[in-house]
DNA sequence: TTTTCCATGTAACCAGTTACATGATTAT
DNA sequence: ATAATCATGTAACTGGTTACATGGAAAA
């Protein structure tokens, strides 16, 4: 049996103060970005389904010149389902499809310079990611009136920072190991 | 434009000495497992397409009582395409959908014990993963007649080991941080 | 004046899994 | 006897993206 976690993500966002599809998308792109992302093409149909299933209510606000604004509020039934999902332990570790590792796996016949270039370009991307995480974290820490959610958001950022740092170190070690290898 | 890397994975496996869909699947489950996996439902149609596109040739061997064995051999054109893919730098860092982080993100109202339990269960899964990687790595290092691919396989394993280790450490730090938090 | 922000939504597509079907051989 | 191994494949489904359509308000 396959689980679909996206509806729970949206219910969770409702409890965190995000009520329109647009706001939820903004939030995801800004802060959940490194471990969860979805497109509008997924968000809007899912919100609709949550209402149909009684997990959320919609309050439609007409706006002149703009499409109706739909604010989704979690229902007691939705809260119940969210809670039970939050308590259920994760059963499968995430499998990331890693294109770089796939390439390295088949790189025996590649020139050293090509491999080193791959690693270098990857490391640069990791640096950028680290900086993004770091600045979000600092922003959260700086805030005068911190959200009650903030400590948990920081925890997830720490995960991103820790694993990215490990990847950076691996890049460096691997580069020097490749350097030492003799060209065949 | 979206890239589909799976055909390249299969071409790569051909160059590494895996020629039937079955062998490729075995290999993936055993060794590429932590950064790439696909099902037969993906493998067989993709192999067919690779032949249609002239990237691979099939040699069909009839076997009594069994389905025909189809051995796929990469063509010069396939080799060329594989090579150019291997040289193209990775443009996007993988985004892993992490269910644990998603749950933590919304865990402000959860009891501490529930959160600690989540972390504990996750850490155990990470341990298991580490042990799997470690034993594959040792097996590769032990081998008397090592494959020429082995050093590169070990590199990818090191990546898994490094990032998993970082995640384990994060688990431990986070657990004690949660412990210190006062229940609201 | 052009871009970005707000705000919703759908249809077509794509990658990939699951469940099913087939069936002999070999090891436990 | 039973399970695992070898070996191929398809149809239905699912989760998700992309491209498109709409259009006013505010900022650059």
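Chains as they are written, first to last, in my numbering: chain A, 278 to 461; chain B, 278 to 461. Glycine included, every Cβ here is placed at the ideal spot set by N, Cα and C. The structure displayed is predicted, hence computed values, not measured ones.
For residue i, the nearest candidate out of the options (CA to CA)
{"i": "residue 454 of chain A", "options": "A:389, A:441, A:355, A:398", "result": "A:389"}
{"i": "residue 288 of chain B", "options": "B:430, B:395, B:333, B:393", "result": "B:333"}
{"i": "residue 394 of chain A", "options": "B:366, B:402, B:348", "result": "B:366"}
{"i": "residue 376 of chain A", "options": "B:377, B:379, B:372", "result": "B:372"}
{"i": "residue 348 of chain A", "options": "A:329, A:361, A:298", "result": "A:298"}
{"i": "residue 312 of chain A", "options": "A:292, A:328, A:283", "result": "A:283"}
{"i": "residue 378 of chain B", "options": "A:392, A:310, A:401, A:328", "result": "A:310"}
{"i": "residue 351 of chain A", "options": "A:328, A:424, A:396, A:436", "result": "A:328"}
{"i": "residue 386 of chain A", "options": "B:301, B:450, B:429", "result": "B:429"}
{"i": "residue 447 of chain A", "options": "B:452, B:447, B:433", "result": "B:433"}
{"i": "residue 370 of chain A", "options": "B:359, B:361, B:396, B:353", "result": "B:396"}
{"i": "residue 412 of chain B", "options": "B:302, B:314, B:301, B:308", "result": "B:308"}
{"i": "residue 357 of chain B", "options": "B:410, B:400, B:331", "result": "B:331"}
{"i": "residue 451 of chain A", "options": "A:362, A:292, A:374, A:400", "result": "A:400"}
{"i": "residue 314 of chain B", "options": "A:335, A:353, A:374", "result": "A:374"}
Buried versus exposed call for residue i [16 or more other C-beta atoms within 10 Å across all chains shown]
{"i": "residue 281 of chain B", "result": "exposed"}
{"i": "residue 426 of chain A", "result": "buried"}
{"i": "residue 339 of chain A", "result": "exposed"}
{"i": "residue 384 of chain B", "result": "buried"}
{"i": "residue 319 of chain A", "result": "exposed"}
{"i": "residue 355 of chain A", "result": "buried"}
{"i": "residue 416 of chain A", "result": "exposed"}
{"i": "residue 404 of chain A", "result": "exposed"}
{"i": "residue 458 of chain A", "result": "exposed"}
{"i": "residue 381 of chain B", "result": "buried"}
{"i": "residue 326 of chain A", "result": "exposed"}
{"i": "residue 302 of chain A", "result": "buried"}
{"i": "residue 317 of chain B", "result": "exposed"}
Chain B within 8 Å of residue i, Cβ atoms only
{"i": "residue 306 of chain A", "result": "no"}
{"i": "residue 349 of chain A", "result": "no"}
{"i": "residue 323 of chain A", "result": "no"}
{"i": "residue 282 of chain A", "result": "yes"}
{"i": "residue 370 of chain A", "result": "yes"}
{"i": "residue 289 of chain A", "result": "yes"}
{"i": "residue 384 of chain A", "result": "yes"}
{"i": "residue 394 of chain A", "result": "yes"}
{"i": "residue 300 of chain A", "result": "no"}
{"i": "residue 380 of chain A", "result": "yes"}
{"i": "residue 261 of chain A", "result": "This structure cannot speak to residue 261 of chain A, because chain A is shown only from 278 to 461."}
{"i": "residue 377 of chain A", "result": "yes"}
Neighbour flag for residue i against chain A, beta carbons, 8 Å
{"i": "residue 399 of chain B", "result": "yes"}
{"i": "residue 312 of chain B", "result": "yes"}
{"i": "residue 296 of chain B", "result": "no"}
{"i": "residue 353 of chain B", "result": "no"}
{"i": "residue 416 of chain B", "result": "no"}
{"i": "residue 309 of chain B", "result": "yes"}
{"i": "residue 432 of chain B", "result": "yes"}
{"i": "residue 436 of chain B", "result": "yes"}
{"i": "residue 333 of chain B", "result": "no"}
{"i": "residue 423 of chain B", "result": "no"}
{"i": "residue 292 of chain B", "result": "yes"}
{"i": "residue 426 of chain B", "result": "yes"}
{"i": "residue 387 of chain B", "result": "yes"}
Contacting residues, own chain, Cβ-Cβ under 8 Å from residue i (five flanking each side not counted)
{"i": "residue 407 of chain A", "result": "438, 441, 442, 445"}
{"i": "residue 418 of chain A", "result": "431"}
{"i": "residue 306 of chain A", "result": "314"}
{"i": "residue 402 of chain B", "result": "none"}
Per-residue DSSP class, three states only, for residue i
{"i": "residue 328 of chain A", "result": "helix"}
{"i": "residue 337 of chain B", "result": "strand"}
{"i": "residue 350 of chain A", "result": "strand"}
{"i": "residue 306 of chain A", "result": "helix"}
{"i": "residue 345 of chain A", "result": "strand"}
{"i": "residue 284 of chain B", "result": "helix"}
{"i": "residue 289 of chain A", "result": "helix"}
{"i": "residue 322 of chain A", "result": "helix"}
{"i": "residue 386 of chain B", "result": "coil"}
{"i": "residue 428 of chain A", "result": "helix"}
{"i": "residue 456 of chain A", "result": "helix"}
{"i": "residue 392 of chain B", "result": "helix"}
{"i": "residue 435 of chain A", "result": "helix"}
{"i": "residue 314 of chain B", "result": "coil"}
{"i": "residue 367 of chain B", "result": "coil"}
Beta-carbon proximity list for residue i, same chain, < 7 Å, skipping 5 on both sides
{"i": "residue 304 of chain B", "result": "290, 295"}
{"i": "residue 323 of chain A", "result": "283, 284, 287"}
{"i": "residue 414 of chain A", "result": "431, 434"}
{"i": "residue 293 of chain B", "result": "426"}
Beta-carbon proximity list for residue i, same chain, < 6 Å, skipping 5 on both sides
{"i": "residue 392 of chain B", "result": "384, 455"}
{"i": "residue 336 of chain A", "result": "348"}
{"i": "residue 362 of chain B", "result": "285"}
{"i": "residue 368 of chain B", "result": "none"}
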